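In this note's numbering, the protein residues as written are 64 to 315.
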């Protein structure tokens with residue numbers, strides 16, 4: 064049996080999730096903490112490869128003993144989150160742990176993922192949201208927000224989303240299914256919420272940049288279908304900064 068962890072992290076100080084040479088990563092910190100706790104080397108396998116500066120509310124990862132399909136420990140399951148947190152930096156926390164079968168894979172067994180992208184739309188920067196949102200000072204009024212929401216809904220469906228993928232990405236298929244997408248506001252915080260079967264490299268950030276282009280009247284909600292069908296990255300918007308992106312939920 065493996066242990067499945069539900070993890071939250073602030074990605075500001077990390078070079079993404081995946082271990083990299085000479086770089087501080089979330090996976091690296093989890094691997095170090097697991098060895099401290101269990102006393103042997105562990106493999107930590109995550110549900111996604113988040114980029115530098117990207118955050119997670121609920122990131123899922125499995126632990127198994129290195130060279131084995133599972134893990135054996137005398138530590139009670141309910142004590143593992145607090146025990147791991149003792150060895151982790153304060154910007155990473157384990158929320159919960161549960162047992163899963165040896166064949167379970169945290170990435171390949173995902174049914175859907177939900178991301179949230181946050182924009183701080185105040186004129187002046189917000190020190191409490193620095194590194195945790197995209198500061199976009201140009202006012203997005205209610206009419207622009209409504210157009211953004213209409214455009215977001217045009218992403219829903221099963222399509223080839225090549226137009227919203229970073230160039231030179233190496234994937235076997237660029238077809239994904241988006242189940243829901245919307246744009247909402249709470250005060251000066253604007254959130255783009257999207258749920259899908261999976262996402263291409265920088266897909267949510269490019270979609271966010273495309274929605275900003277809608278708010279700026281550079282494109283219309285009705286243009287989204289043509290952009291998607293074109294499969295042309297140059298027709299979509301900019302890649303929004305990493306600091307506004309959160310992996311919000313993963314469903315198995």
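Think of the CB as a built atom: it goes at the ideal place given N, C-alpha and C, for glycine as much as any other residue.
Fair warning: this is a prediction, and the values are worked out from it, not measured in the lab.
In this structure, how does DSSP classify residue 101 when only helix, strand and coil are distinguished? In the chain shown, residue 101 corresponds to position 38, counting from 1. Note: residue 101 maps to helix in three-state DSSP.
Return the residue from the list 106, 270, 110 and 71 that minimises the CA-CA distance to residue 175. The residue given as residue 175 occupies position 112 in the chain shown. Considering only alpha carbons, the answer is 110.
Would you kindly work out how many angstroms separate the C-alpha atoms of residue 286 and residue 190, rounded to a whole number? Taking the chain shown and counting its residues from 1, one reaches residue 286 at position 223. Taking the chain shown and counting its residues from 1, one reaches residue 190 at position 127. Roughly 36 Å separates the two Cα atoms.
Taking all protein chains shown into account, decide if residue 221 is buried (16 or more other Cβ within 10 angstroms of its Cβ) or exposed. The sequence position of residue 221 within the chain shown is 158, counting from 1. Label assigned to residue 221: exposed.
List the endpoints of the continuous beta strand (DSSP E) containing residue 309. Here residue 309 refers to the residue found at position 246 of the chain shown. 308-314 is the span of the beta strand (DSSP E), which, as asked, contains residue 309.
As a quick exercise: from 282, 161 and 88, pick the residue whose alpha carbon is nearest that of residue 211. Stepping through the chain shown from its first residue, residue 211 is reached at position 148. For the options 282, 161 and 88, the alpha carbon positioned closest to that of residue 211 is the one of 282.
Taking residue 120 as part of the beta strand (DSSP E), name the residues at either end of that continuous run. Residue 120 sits at position 57 when you count from the first residue of the chain shown. That run of the beta strand (DSSP E) goes 118-128.
Could you check if residue 297 is buried or exposed, using at least 16 other CB atoms within 10 Å of its CB as the buried criterion? Along the chain shown, read from residue 1 onward, the residue named residue 297 stands at position 234. Counting the other Cβ atoms within 10 Å of the Cβ of residue 297 gives fewer than 16, which makes it exposed.
What are the partner residues of residue 240, as DSSP defines its beta bridges? As a working note, residue 240 is residue 177 in the chain shown. Answer is 221.
Mapping the DSSP letters down to three states, classify residue 173 as helix, strand or coil. Residue mapping note: residue 173 aligns to position 110 of the chain shown, counting from 1. Residue state, collapsed to three classes: coil.
Exposure of residue 87, with buried meaning 16 or more beta-carbon neighbours within 10 Å: As a first step, residue 87 must be located in the chain shown, where it is residue number 24. So residue 87 ends up on the exposed side.
is_contact[residue 205, chain D] using C-beta, thresh 8 Å: Of the chains in the structure shown, none is chain D; there is only one protein chain.
Relative to the alpha-carbon of residue 199, which residue among 119, 181 and 213 has its alpha-carbon at the smallest distance? Taking the first residue of the chain shown as position 1, residue 199 is located at position 136. Comparing Cα positions, the closest option is 181.
Through-space distance from residue 173 to residue 69, alpha-carbon basis: For this step, residue 69 is matched to residue 6 along the chain shown. For this step, residue 173 is matched to residue 110 along the chain shown. Looking at the two C-alpha atoms, the distance is approximately 14 Å.
Going by the CB atoms, is the gap between residue 215 and residue 246 shorter than 8 Å? Taking the chain shown and counting its residues from 1, one reaches residue 246 at position 183. Taking the chain shown and counting its residues from 1, one reaches residue 215 at position 152. Cβ distance < 8 Å, so residue 246 and residue 215 count as in contact.
Tell me the rounded alpha-carbon separation between residue 229 and residue 265. Indexing the chain shown from 1 puts residue 229 at position 166. Indexing the chain shown from 1 puts residue 265 at position 202. Near 6 Å, if we compare the C-alpha coordinates of residue 265 and residue 229.
Given residue 278, which residues of its chain have a CB within under 6 Å of its CB, disregarding the five upstream and five downstream residues? Along the chain shown, read from residue 1 onward, the residue named residue 278 stands at position 215. Within the same chain, residue 278 has close Cβ partners 203, 207 and 211.
Presumed contact (8 Å Cβ cut-off) between residue 126 and residue 66, rounded CB distance: Within the chain shown, residue 126 is the residue found at index 63, counting from 1. Within the chain shown, residue 66 is the residue found at index 3, counting from 1. Indeed they touch by this definition, with Cβ atoms about 5 Å apart.
Give me the Cα-Cα distance between residue 100 and residue 142, rounded to the nearest whole angstrom. Taking the chain shown and counting its residues from 1, one reaches residue 100 at position 37. Taking the chain shown and counting its residues from 1, one reaches residue 142 at position 79. Rounded to the nearest angstrom, the two C-alpha atoms are 11 Å apart.
Nearest-angstrom Cα separation, counted from residue 90 out to residue 233: Working through the chain shown from its first residue, we reach residue 233 at position 170. Working through the chain shown from its first residue, we reach residue 90 at position 27. So the alpha carbons of these two residues sit roughly 22 Å apart.
For residue 305, which residues of its own chain have a beta-carbon under 8 Å away from its beta-carbon, when the five flanking residues on both sides are left out? Position 242 of the chain shown, counted from the start, is the residue given in the question as residue 305. Excluding sequence neighbours, residue 305 sits near 74, 114, 115, 116, 117 and 268.
Run of the alpha helix (DSSP H) containing residue 205, from where it starts to where it stops: In the chain shown, residue 205 corresponds to position 142, counting from 1. It spans 205-216 - the alpha helix (DSSP H) in which residue 205 sits, taken as one unbroken run.
Are residue 294 and residue 223 close, meaning C-beta to C-beta below 8 Å? As a working mapping, residue 294 is identified with position 231 in the chain shown. As a working mapping, residue 223 is identified with position 160 in the chain shown. Contact annotation: residue 294 and residue 223 have beta-carbon atoms nearer than 8 Å.
Extent of the continuous alpha helix (DSSP H) to which residue 69 belongs: As a first step, residue 69 must be located in the chain shown, where it is residue number 6. Here residue 69 belongs to no alpha helix (DSSP H); instead the beta strand (DSSP E) covers 65-72.
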